[in-house]
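Here UniProt numbering is used: position 127 in the sequence shown is 127, and no number is missing along the way.
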Amino acid sequence: AAAPLRGPVALGAPLDLSELMPTVDLSAPAPADPPEAVRDRCHFLINNISSANLEPKAEELRRVLADPAHLPWLAGYLVVKRISTQPNFHGLYLAMLDKLGLGERLGAPLLAAVYRSVARLLLSPKIVTSTAERSLLKNLGSWLGQATLARDRPVLQRALDLRALLLRGYETGRLIAVVPFAAKVLGGAQGSQVFRPPNPWLMGLLAVLRELYDVDGLKMNIKFEVEVLCKALGLSLGEVPKGRVLRREAAAPQKLKNPDFMVKAGHEGPASGARTPGEEGSAPGTPGETPTKPGGVEAAAAAIA
């Protein structure tokens, strides 16, 4: 068999954002805060918004945000304090943005803030051990899929190269974070007229996920994310063609002490006691999980601001 084109990569090696998210600039200064009265009123209105009062609350919020200079601040606030921590309200917040009618004046800084937060989490040394950080990443993925694919808008490769992210996640022991995130993004395609199956872009990414699914010893909770995504898209796993890119484009990872795999020393296949679908945790000898404490997700969100 042909040798892989990439040499060995150390477990936990840093990800290269210039490859995965080339347009994201983490060095950009934070947007200026508006006056305290504006901030407080925005917080109050968003705290009290519901489907029943969406129209008047959005109208008042638009008046409060009359100065366009305040919109980048609002975008960051929504991402860190709302979108990343409150997945059950994503639909309400999307409806609120539609009612605001600010278009790309708010949409562009909001999407940029999402990508910056995703980048910070992907670079976090705790992303493979902290369930709170992985929850934030999944929530951002869910929002991204709903705000783009579900509305027939692409996830541009220059903003987020999902294919490369899956391959580098495989190499470096980050599939435990990367696969659930990618699955949440791609789940937005179920509401799309353009990106649902058999869209070639979507099917290509599903093929990579299917190939990862079949890697010996992969944890069951990672496999489960792929199964759930396929079901959401109306596909069986067998209908997804298996990709053939791992050997050509990714270095085979060390499986022992790898948070993505349930492998014992001296065994190539899955270790006994593999996880059941949806179960979190780590194998003996792998980095330990940091359980999510009450308020832990909100506390972790401070790191992506």
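Just so you know, even glycine gets a beta-carbon here, dropped at the ideal spot from N, CA and C.
Keep in mind that this is a model prediction, so the values were computed, not measured.
Three-way DSSP call (helix, strand, coil) for L11 in this model = In the sequence shown, the residue the question calls residue 11 occupies position 11. Judged by DSSP in its simplified three-state form, L11 adopts coil rather than helix or strand.
Return the CA-CA distance between D214 and L206, expressed in angstroms with no decimal places.
-> On the sequence shown, position 214 is the one that residue 214 refers to. On the sequence shown, position 206 is the one that residue 206 refers to. Spanning the two alpha carbons is a distance of roughly 13 Å.
Which partner residues does F261 have in the DSSP bridge list?
-> The count along the sequence shown starts at 1 and reaches residue 261 at position 261. Residue pairing from DSSP places F261 in a beta bridge opposite L218.
Mind checking E171: buried by the 16 CB within 10 Å criterion, or exposed?
-> One-based indexing of the sequence shown puts residue 171 at position 171. E171 is buried by the Cβ-count criterion.
Looking at S51 and I304, is the spacing between their C-beta atoms short of 8 Å?
-> Numbered from 1 along the sequence shown, position 304 holds the residue referred to as residue 304. Numbered from 1 along the sequence shown, position 51 holds the residue referred to as residue 51. No. Outside cutoff.
Within the stretch 111-159, note down every full alpha helix (DSSP H) run reaching 4 residues or more, in order along the chain.
-> Along the length of the stretch 111-159, whole alpha helix (DSSP H) runs at least 4 residues long occupy 131-147, reported in chain order.
Between the Cα of P29 and the Cα atoms of K57, S142, R63, G76, which residue gives the shortest distance?
-> Along the sequence shown, one-based indexing puts residue 29 at 29. The residue with the shortest Cα to Cα distance from P29 is G76.
Taking C-beta to C-beta, are T148 and G188 nearer than 8 Å?
-> By 1-based counting over the sequence shown, the position of residue 148 is 148. By 1-based counting over the sequence shown, the position of residue 188 is 188. In this structure, the beta-carbon distance from T148 to G188 falls below 8 Å.
Meets three-Cβ-pair contact criterion under 8 Å: the stretch 125-135 and the stretch 62-78 = With the cut-off at 8 Å, the stretch 125-135 and the stretch 62-78 do not touch.
CA-to-CA distance, L122 to L175, given in whole angstroms = Residue 175 sits at position 175 when you count from the first residue of the sequence shown. Residue 122 sits at position 122 when you count from the first residue of the sequence shown. Computed Cα separation, rounded: 11 Å.
Element boundaries [alpha helix (DSSP H), containing F181] = By 1-based counting over the sequence shown, the position of residue 181 is 181. Membership of F181 in the alpha helix (DSSP H) is indicated by the continuous run 175-187.
Residue from L165, R196, V64, L136 with nearest C-alpha to A150 = Locating residue 150 in the sequence shown gives position 150, where the first residue counts as 1. The residue with the shortest Cα to Cα distance from A150 is R196.
When the distance is taken between beta carbons, is N139 closer than 8 Å to P87?
-> Position 87 of the sequence shown holds residue 87. Position 139 of the sequence shown holds residue 139. Yes, the Cβ-Cβ distance between P87 and N139 is below 8 Å.
Can you tell me the Cα-Cα spacing of L167 and A250, whole angstroms?
-> Within the sequence shown, residue 167 is the residue found at index 167, counting from 1. Within the sequence shown, residue 250 is the residue found at index 250, counting from 1. Cα to Cα, L167 sits roughly 6 Å from A250.
Would you kindly check if the distance between the Cβ of P8 and the Cβ of R158 is under 8 Å?
-> The residue given as residue 158 occupies position 158 in the sequence shown. The residue given as residue 8 occupies position 8 in the sequence shown. For the 8 Å CB-CB criterion, R158 and P8 do not form a contact.
Residue range of the unbroken alpha helix (DSSP H) whose run includes A164 = Stepping through the sequence shown from its first residue, residue 164 is reached at position 164. Per DSSP, A164 is one residue of the alpha helix (DSSP H) stretching across 162-172.
For V155 and T131, the rounded distance between their alpha carbons | Against the sequence shown, residue 131 aligns to sequence position 131. Against the sequence shown, residue 155 aligns to sequence position 155. C-alpha of T131 to C-alpha of V155: approximately 25 Å in a straight line.
Going straight from the alpha carbon of D259 to that of G173, what length do you get?
-> Locating residue 259 in the sequence shown gives position 259, where the first residue counts as 1. Locating residue 173 in the sequence shown gives position 173, where the first residue counts as 1. Rather than Asp, the amino acid found at residue 259 in this sequence is Pro. Across the structure, P259 and G173 are spaced so that their CA atoms are roughly 6 Å apart.
Can you give the beta carbon distance from L136 to A301, rounded, assuming they're within the 8 Å contact cut?
-> Mapped onto the sequence shown, residue 136 falls at position 136. Mapped onto the sequence shown, residue 301 falls at position 301. With 8 Å as the limit, L136 and A301 qualify as a contact, their Cβ atoms being about 6 Å apart.
First and last residue of the alpha helix (DSSP H) that includes L237?
-> Within the sequence shown, residue 237 is the residue found at index 237, counting from 1. First-last for L237: undefined, no H or E at that position.
Quick one: is R63 buried, meaning 16 or more other Cβ sit within 10 Å of its Cβ, or exposed?
-> Here residue 63 refers to the residue found at position 63 when the sequence shown is read from its first residue. Per the 10 Å Cβ criterion, exposed.
Whether V114 touches V80 by CB criterion (8 Å) = Translated into the one-based positions of the sequence shown, residue 114 becomes position 114. Translated into the one-based positions of the sequence shown, residue 80 becomes position 80. No, these two residues do not count as a Cβ contact at 8 Å.
Along the chain, where does the alpha helix (DSSP H) that runs through N47 open and close?
-> As a working note, residue 47 is residue 47 in the sequence shown. Per DSSP, the unbroken alpha helix (DSSP H) holding N47 starts and ends at 36-47.
R275 - DSSP class collapsed to helix/strand/coil | On the sequence shown, residue 275 is found 275 positions in, with the first residue counted as 1. No answer about R275 holds up, because its pLDDT of 37 lies below 50 and its placement is not dependable.
In whole angstroms, what is the alpha-carbon distance linking L54 and Y93?
-> As a first step, residue 54 must be located in the sequence shown, where it is residue number 54. As a first step, residue 93 must be located in the sequence shown, where it is residue number 93. Whole-angstrom Cα-Cα distance: 10 Å.
From P35, R134, L65, E19, residue whose alpha carbon lies closest to that of V297 = On the sequence shown, residue 297 is found 297 positions in, with the first residue counted as 1. That would be R134, whose Cα lies nearest to the Cα of V297.
Between the CA atoms of L235 and G169 - distance to the nearest angstrom | The residue you call residue 169 lines up with position 169 of the sequence shown. The residue you call residue 235 lines up with position 235 of the sequence shown. Between G169 and L235, the C-alpha separation is close to 24 Å.
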